[in-house]
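Going left to right, the sequence shown walks through residues -29 to -1, 1 to 248 as mature numbering (1 follows the signal peptide of the UniProt record, and there is no 0) numbers them. Where a beta carbon is used, it is the ideal one built from N, C-alpha and C, also for glycine. Below is one structure, written out as structure tokens, with a few remarks after it.
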Amino acid sequence: MRQREAEMLLRKIAFALAALSLGSGEAKAQSDAELLIAQYGFSFGQQFLGKVVRGKNIWKAFRQTSYEAVPSATLQYTGMKMVGQDYRLALPSQLLMQKGAWFGRQSILGRPIFSQEALTSWELDYFWFNFRLRDGKVLPPRVNVATVGISFYYDNVRLEWRRSLATGVVVLTSTNGRIGNRVGQAGSGVILMRSPRYGDSFRHELVHTHQSIRGNAFSDPLLHQGDSQSRFLPFLRLNLGSLVGRVPATLQEFFGEPAYYSQLHEWEARAYANSPK
């Protein structure tokens, strides 16, 4: 009975979040409908492929994923919408992104997605660490290896403590104003900006960090990094979500769409942050 009540509550939350995010206005609804479809397509693709890779029957995987991708897509859409409007919402929006990733991992691992644990398990990436609460119990933090590596890869940068503390993301600014031909770039919990004048570009890059979290839903269970999976050196986590997030771009290039700003991850970031590039 408790599991059924939790399932009904989660469904109500999903529908409420979708309603709040859609807002009103014909043009806005049209744009948000496209973003929701894109979120569902990405979530469906990850969960379906994850199930198949782990040996699930293709038809059963397709049928189950058709509805199991809904809560993850809804939460992740809402999270990206929040951070795309205001960078100060980065932490609560990340909680929604992480919960969406949790639904994705549960689906890939073949575990119930509507359970009491959905309300008592939470996750947050903050600076170089991954903090977890599982079924109401605090788990030891893990070190996000990719975040650490990227943080110390760049030269001639300084750490922007204020923005980093506010968002949980490692925010770096170039000290010589040079990072190629871009205003900013992001991935795996690290943002590098050309100058401290952020504006729309900063929110754009925050959406990219949220895309990395979404991609972790696919890589984590396959690398035995789910909360209930045991692995070697459990205090280290290979957060490869940025690589997973670039898969659609690779497919787009393969099928003849080489334009960088037409790729899915850039299209999403521009749309959510209302930024030109």
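Beta-carbon proximity check, residue i vs residue j, cutoff 7 Å
i: SER92; j: ARG113; result: no
i: GLU131; j: THR144; result: yes
i: ARG76; j: GLY197; result: yes
i: ALA44; j: TYR11; result: yes
i: MET51; j: VAL178; result: yes
i: ASN147; j: ASN127; result: yes
i: LEU80; j: PRO219; result: no
i: residue 311; j: ARG129; result: Since the first residue shown for the chain is -29 and the last is 248, residue 311 is missing from the structure and cannot be characterised.
i: SER213; j: SER172; result: no
i: LEU194; j: LEU209; result: yes
i: LEU211; j: SER190; result: yes
Boundaries of the alpha helix (DSSP H) in which residue i is found, first to last residue
i: LEU110; result: First-last for LEU110: 108 to 115, but that is the beta strand (DSSP E), not the alpha helix (DSSP H).
i: LYS31; result: 29 to 56
i: HIS195; result: Where HIS195 is concerned, there is no enclosing alpha helix (DSSP H), given that its DSSP letter is neither H nor E.
i: GLN18; result: -4 to 24
Contacting residues, own chain, Cβ-Cβ under 7 Å from residue i (five flanking each side not counted)
i: PHE206; result: PRO111, ARG113 and VAL114
Run of the beta strand (DSSP E) containing residue i, from where it starts to where it stops
i: TYR97; result: 93 to 97
i: VAL141; result: 141 to 145
i: VAL128; result: 128 to 130
Residue environment, residue i, which counts as buried when at least 16 other CB atoms sit within 10 Å
i: TYR38; result: exposed
i: GLY186; result: buried
i: GLN1; result: Residue confidence is low: GLN1 scores 46 on pLDDT, short of 50, so the model does not pin down where it sits. No coordinate-derived value is stated.
i: PHE225; result: exposed
i: GLY(-5); result: The predicted position of GLY(-5) is uncertain, since its pLDDT is 41 and thus under 50; no value can be drawn from it.
i: LEU6; result: buried
Residues that residue i bridges to, as DSSP identifies them
i: LEU104; result: TRP93 and VAL109
i: MET164; result: THR144 and GLY155
i: LEU207; result: VAL114
Cβ-heavy atom distance, residue i to the ligand SAM, below 6 Å
i: SER201; result: In terms of ligand content, the structure shown is empty, and the ligand SAM therefore cannot be addressed.
Sequence-distant residues of the same chain with beta carbon closer than 6 Å to residue i, five excluded per side
i: GLN156; result: LEU163
i: GLY55; result: ARG174, VAL178, TYR243 and ALA244
Cβ shell of residue i (< 8 Å), same chain only, five flanking positions each side left out
i: SER78; result: GLN18, GLY21, LYS22, GLN35, THR36, GLU39, ALA40, SER43 and ILE84
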